[in-house]
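Chemist: One structure is given below, represented as structure tokens, and several questions about it will come after.
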Amino acid sequence: MAVFTRPPPRKRRIAQNARVLARQSATNSSGPSDTSEIANRDEADLPPLDELDVALEIPGELIDEGMEQHDTIEVQNAVGLAVEEVANTFGLRLSDAEIKEAREVFPKAAGFANQIHGSGTLYAAFVAIRNQCKDLLTTQKEVPTQRVVTRWGADLACARTHGELRPAIDAMTSRPGYKLGKFQMSPAQWEMLDECVECLEIFEEPTHIHSQSNTALVHEVIPHLLLMKFRLGLIRDAIYDPETEQPLRLVSRVAAVAAIHVVNKYLKLLEAADIYWLAIVLCPWYKIQWLNDHGYSPAHIERVRQVLFNRFADYTLRFGTGHGSTAGALVTSTQSLNPRPRRFMQHPTPILHATTFQSATFSSALSNYLSSPPLAKTEVLKAGGLIQYWENESKAANGSILGRMALDILSAP
1 MAVFTRPPPR KRRIAQNARV LARQSATNSS GPSDTSEIAN RDEADLPPLD ELDVALEIPG
61 ELIDEGMEQH DTIEVQNAVG LAVEEVANTF GLRLSDAEIK EAREVFPKAA GFANQIHGSG
121 TLYAAFVAIR NQCKDLLTTQ KEVPTQRVVT RWGADLACAR THGELRPAID AMTSRPGYKL
181 GKFQMSPAQW EMLDECVECL EIFEEPTHIH SQSNTALVHE VIPHLLLMKF RLGLIRDAIY
241 DPETEQPLRL VSRVAAVAAI HVVNKYLKLL EAADIYWLAI VLCPWYKIQW LNDHGYSPAH
301 IERVRQVLFN RFADYTLRFG TGHGSTAGAL VTSTQSLNPR PRRFMQHPTP ILHATTFQSA
361 TFSSALSNYL SSPPLAKTEV LKAGGLIQYW ENESKAANGS ILGRMALDIL SAP
């Protein structure tokens, strides 16, 4: 996303410095002359201040400037590293002109929407133009959506409606009387915007799911991050459009690599916490099979099992008289992802192989749970959902302690 926009004026210098540092880190084996050359190139990468910046401000919008500054540094660092990674891996480097053109995409889209929403005269004029070319549109949207940085999904909504209303926007920005020519996009920028919509759709579903309240979601945190990473990898690796037989633009691939870096950072933090692994295993349609399907090592899987049994033993001592003993491990081997040759909105397809579930050799409810294969998600939903499933289990004579533990873990914020 950062590739298609630019930081606010007050953060521009911070972002520039972060990117220079990122490139210096990626090329720390180069001599002093190389570093100087990189710094000079970065100066050219960043477009000069112009009137687009004024149009990006939304009156009354409350922004945490400290967090915005932190995010700017983190994201721009990721972009700088992504440019170098794509150059080193694929032998392709973004030109200064491509970066400059890409960085104007969202300022133009968001700035145009702000102008329309900020003026009753322009709003009425746009609606009139939109109605004149309604036969060319595939949307019922009347005006483009503003990009409000504090709102979930605002980037996608802004980009999507801007693309859907392109005929009306082109007509308005091409008429000098409206003084909106600075928001006119080149054909290349319209293509970049369309690709950006495809990229942002990767984040739409998990964003919607994880913005819900009073819903058990901890078991989906790592799976959703891995799914996003997989789909971003399709963009990075230049999956071809079956209609045009052309890959995405290089700038979109760089954006995907930058996003993967950010996802990896959060994955590393989350994977260090036991709660997320326990939640996955206590999800009836995942269980330990999910770890096998996603290529985790036998050592990691055994560690998760041990942590889970230790937790169960603690619950047994505190709430019951059962015994939290260990059970036989699932006999399986790790496997790699095998994506289907499609575009981006797909799931990784594991290489299927036979998995043997040992019969429980211990009497604990946890042993019985782990020794059985995963349930179909539809069956759990029929039972009332994940929490209701475990509430039902907690009322069973032989599963009350396991149910209580599962509810505590799965209902964690």
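Following full-length UniProt numbering, the numbering of the sequence shown begins with 1 at its first residue and continues without gaps.
In this text, a Cβ means the ideal position worked out from N, Cα and C, and glycines have one as well.
Nothing here was measured: the structure is a model prediction, and the numbers come from that model.
1. For G322 and V307, what's the separation of their Cα atoms in angstroms?
2. Hey, would you say the C-beta of M172 is under 8 Å away from at least one heavy atom of the ligand NAP?
3. Counting Cβ pairs, one atom from each stretch, are 3 or more of them under 8 Å apart for the region 246 to 257 and the region 89 to 101?
4. Using only CA atoms, which one of L136, V380, S394 lies nearest to C283?
5. Thinking C-alpha only, which one of A406, V83, W190 is nearest E391?
6. Answer with buried or exposed for H210, where buried requires no fewer than 16 other C-beta atoms within 10 angstroms of its C-beta.
7. How would you write the range of the alpha helix (DSSP H) that Q306 sits in, first residue to last?
8. Please go through the region 248 to 292 and give each complete alpha helix (DSSP H) segment of 4 or more residues, from N-terminal end onward.
9. So which of L136, A154, K229 has the shortest CA-CA distance to D170?
10. Alpha carbon to alpha carbon, how far is L317 from N77? Give it in angstroms, no decimals.
11. Tell me which residue opens and which closes the alpha helix (DSSP H) that Y123 is part of.
12. Compare the Cα-Cα distances from Q189 to each of V143, R175, R249, H300 and report the closest residue.
13. Put R147 into one of helix, strand or coil per three-state DSSP.
14. Using the C-alpha atoms, what's the distance from G153 back to F276?
15. Would you call P144 buried or exposed, if buried means 16 or more other Cβ atoms sit within 10 Å of its Cβ?
16. Hey, quick one: how far does the alpha helix (DSSP H) through G403 stretch, first residue to last?
17. Which residues in the same chain as A238 place their Cβ atom closer than 7 Å to its Cβ, once the five residues preceding and following it in sequence are excluded?
Modeler: If we stick to the structure as given:
1. Only weak support exists for where G322 lies, its pLDDT of 43 falling under 50; the value from the coordinates is given anyway. Inter-residue distance for G322 and V307 is about 18 Å (C-alpha atoms, whole angstroms).
2. In terms of ligand content, the structure shown is empty, and the ligand NAP therefore cannot be addressed.
3. Counting C-beta pairs closer than 8 Å gives three or more between the region 246 to 257 and the region 89 to 101, which meets the contact rule.
4. The residue with the shortest Cα to Cα distance from C283 is V380.
5. Looking at the Cα atoms, A406 is the closest of the given residues.
6. H210 is exposed by the Cβ-count criterion.
7. That run of the alpha helix (DSSP H) goes 298 to 319.
8. The qualifying runs are 250 to 271, 274 to 281.
9. Looking from the CA of D170, the closest CA among L136, A154, K229 belongs to L136.
10. One C-alpha to the other measures close to 49 Å.
11. Secondary structure note for Y123: its alpha helix (DSSP H) is the uninterrupted segment 120 to 132.
12. If we check each option's Cα against that of Q189, R249 comes out closest.
13. Reduced to three states, the DSSP call for R147 is coil.
14. At residue 276 the sequence reads Tyr, which differs from the Phe that was named. Cα to Cα, the separation comes out at about 25 Å.
15. Flag for P144 reads buried.
16. Note, G403: alpha helix (DSSP H), 400 to 410.
17. Sequence-distant partners of A238 (beyond 5 residues in either direction) whose C-beta falls short of 7 Å from its own C-beta, in its chain, are P247, L248, R253.
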